[in-house]
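Novice: Under the numbering used here, think of the first position of the sequence shown as 29, with each following residue one higher. Glycine included, every Cβ here is placed at the ideal spot set by N, Cα and C. Just dropping this structure here.
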Amino acid sequence: MQNLLYIAKIIYLLTGILFLTACASGIPEIIEKPPAEDLSLVRVQAQPEKHQGKVIRWGGDIIHTENKKDQTTLTVLAKPLDSYGEPMEGDKSYGRFIAIIKGFLDPAIYAKGRSITVYGRYEKILDKKIDNFDYRYPLVKVEHFYLWQVPEKVNYNDYPYWYDPWYPYWGPYYHPHRHY
């Protein structure tokens, strides 16, 4: 009887550990949860002096990566973030910002089109050009960042099983175009 209780305790313990590890997302909590005052890029661009030094969490698609002596500058096309802090797909954008990250980031990995979320402090506005258009880029000193995985592409044409399009609607044995 004691052996059975011992085995039951071990099973409960292993089941609990399994559930806890299944719930872990691997995304840093500081990236996943927005700061207390979740400032938007649009608000910062509208009143840059008012928000200087405040904490932000922004994300989007990398447009350009430039390495300097001891830091990397990322130009990012800002996108809305989902509940995990991941930039959402689509054409909706809040504008652009520049993220300054200490150290070297390989431009082959932090390449154009990759999604990134940054957490840091808004510093100031940089006036630069996009072609002939004057643009106001908010500059962010990044404290934490997360580069999102490239979504895996699935080729459904290579699906290995035969699929009968009439099966779920007409039943397993009735085929409306067959005459017996």
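For Leu33, does the count of other Cβ atoms within 10 angstroms reach 16, so buried, or fall short, so exposed?
Specialist: exposed
Novice: Smallest Cα separation from Val168: which of Ala106, Tyr174, Tyr150, Ile129?
Specialist: Tyr150
Novice: Going by DSSP in three states, Leu133 sits in which element: helix, strand or coil?
Specialist: coil
Novice: Below 8 Å on the Cβ atoms is my guess for Arg124 versus Leu105; work out the distance and round it to an integer in Å.
Specialist: 6 Å
Novice: From Gly88 to Gln30, what distance separates their C-alpha atoms?
Specialist: Roughly 57 Å between the two C-alpha positions.
Novice: Nearest-angstrom Cα distance between Glu77 and Ile153?
Specialist: 9 Å
Novice: DSSP has Glu94 in a bridge; who is on the other side?
Specialist: Thr101
Novice: Can you name the residues that DSSP bridges to Thr43?
Specialist: Paired residue(s): none; Thr43 is not in a bridge.
Novice: Counting only the same chain and skipping the five closest in sequence on each side, list residues whose C-beta sits under 8 Å from that of Gln99.
Specialist: Around Gln99: Ile128, Ile129, Lys130, Gly131.
Novice: Can you tell me whether His79 is helix, strand or coil according to DSSP?
Specialist: coil
Novice: Report back the beta-carbon spacing between Ala36 and Ile90 to the nearest angstrom; my notes put them in contact at under 8 Å.
Specialist: No, Ala36 and Ile90 are not in contact; Cβ-Cβ is about 51 Å, not under 8 Å.
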